[in-house]
Each structure stands twice: as C-alpha cells, then as structure tokens.
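Single-structure report; data block below.
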Amino acid sequence: MVLDWLTGKDIPQFWKQYLAHFDKEEQNGPKRYIVFDTETTGLDWKDDVILSIGAISVINDEIKVGDFFEAFLKQDVFNPENAILTGILKEGKEEKIIEAEAIIRFLDFIKDAILVGHNINFDVEMINQALKRLNLGKLKNVMLDVDVMYQKFKNLPEDKHHNLDELCDIFKIKKSDRHTASGDAYIIALLFLKLKRKLKL
Numbered sequence: 044m045v046l047d048w049l050t051g052k053d054i055p056q057f058w059k060q061y062l063a064h065f066d067k068e069e070q071n072g073p074k075r076y077i078v079f080d081t082e083t084t085g086l087d088w089k090d091d092v093i094l095s096i097g098a099i100s101v102i103n104d105e106i107k108v109g110d111f112f113e114a115f116l117k118q119d120v121f122n123p124e125n126a127i128l129t130g131i132l133k134e135g136k137e138e139k140i141i142e143a144e145a146i147i148r149f150l151d152f153i154k155d156a157i158l159v160g161h162n163i164n165f166d167v168e169m170i171n172q173a174l175k176r177l178n179l180g181k182l183k184n185v186m187l188d189v190d191v192m193y194q195k196f197k198n199l200p201e202d203k204h205h206n207l208d209e210l211c212d213i214f215k216i217k218k219s220d221r222h223t224a225s226g227d228a229y230i231i232a233l234l235f236l237k238l239k240r241k242l243k244l
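Under this note's numbering, the first residue of the sequence shown is numbered 44, with each subsequent residue one higher.
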C-alpha cells in the first residue's frame, strides 16, 4: 500500500488536483482568502463528524458573495441537542451529500487559498479527519484565525480568547444566521476584513 502511494497508483484524481495547486509558482495577482466554518455533531474531532460546511471567498478586501460553497452532509452520527442549536435535522429539507463528495467539492473550491476562520484549528482538524477516513493527507493551506488576529491587534496574551459572539459585539457586527456554517462564515468574513485593515495586512 505504501508503495502504491509513492508511485501514485491509488491516489484519487481529485487529491492530485488539489496538491497540484501547491506546486505552482506563486502568483503575483490578488490573494484569494476562503473564510469557512463547519457545523458538527459535537466538539470532539476524534468522535464527532461534520454536519455542514459553509465557505465564502474574499479577494481585494471584498467579500465575493457569488463565490461561495455550502454543503450539508449525510451522517449516521446524530445529536438531537446539536440540531436545536444548528437547525440541521437528520431528516431535514436540505439536500444532503455523503461526506466523501462534500470533501471533494470543498477541496475543488478552496484550491490553494488562504483559509480563514474562528477557532480554525478545530474546523481544519474536522476536515483532516474526514480526509483521514478517505486514506488521504491533511490540508496544506495557510491558515488565519480571527481570534488570533484580534489578540495581535490588542497585544493580548495567547491564552486570552474571544468567542465569535464577543468579537461581533466588539466590532458591532449583526449576529444574524449564527450557528449555521454559511451564516458564521459570512460573519467571520466581515470580522476578517475589519481586522485585516486594522493590522494593515
């Protein structure tokens, strides 16, 4: 099996295409940021799974509302308490796709963009666990966390964290569609742009 991986025989085409984006020479054009969020069955990345993924792109300090990604996943694991928070029901009206298909589409959407999130290590680890179930490697994208950006802006210690609601209150951002992956991704994108300007990135 290891030899097959090394010779590239068993590597899926979509994974090859994803990795190929990182082999290209750095482009001089505007950077593409992908702000994303996941809704999950819980907060344990080892045992919980993804219910939905929402993502939107930011280019030239502008949220590209037409360049977005959203997927609802079919999962055998289900937590009724989490459904109350996220609004995602096991037999809900949303069109659901299997986890593998969602990951394939997500990789095709993000390509080599810089990933942005709130507590992004958790969301990335959830994606990485899904990739692991497909016998694939981890995401290679550069990551930015709006909580860490705020720490740097205010010169706060690393252990001083702010949840998404607190950051929204600080920057006077409306918290509509909270606890949906797409809604949170849009809110995080607004936060990212404000912090990006303040940090002069």
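Glycine included, C-beta positions come from ideal geometry on N, C-alpha and C.
Residue i CB to nearest heavy atom of the ligand SAM below 6 Å
i    : result
K181 : This structure does not include the ligand SAM; it has no bound ligands of any sort.
Coil, strand or helix - residue i by DSSP
i    : result
D119 : coil
A173 : helix
G85  : coil
F235 : helix
Y76  : strand
D166 : helix
V159 : strand
A228 : helix
T129 : In this predicted model, T129 has a pLDDT of only 46, less than 50, meaning its place in the structure is not dependable; the value taken from the coordinates is given anyway. Helix.
K107 : strand
I54  : coil
F112 : strand
K181 : coil
K59  : helix
Residue range of the unbroken alpha helix (DSSP H) whose run includes residue i
i    : result
I153 : E142 to I153
I216 : Element bounds for I216: n/a, residue is neither H nor E.
Residue i classed as buried or exposed, judged by whether at least 16 other C-beta atoms fall within 10 angstroms
i    : result
G160 : buried
K237 : buried
L244 : exposed
L174 : buried
S219 : exposed
D188 : buried
D119 : exposed
D190 : buried
Beta-carbon gap between residue i and residue j smaller than 7 Å
i    : j    : result
L158 : M192 : no
T84  : V92  : yes
I147 : F57  : yes
L210 : L234 : yes
A228 : V78  : yes
F65  : K181 : no
L150 : Y61  : yes
F112 : F152 : yes
I99  : A224 : no
K117 : K139 : yes
L242 : F196 : yes
F115 : E137 : yes
W88  : Q194 : no
I102 : P73  : yes
The beta strand (DSSP E) enclosing residue i, as first and last residue numbers
i    : result
D20  : Residue 20 is absent from the structure shown; the chain starts at 44 and stops at 244.
D188 : M186 to D188
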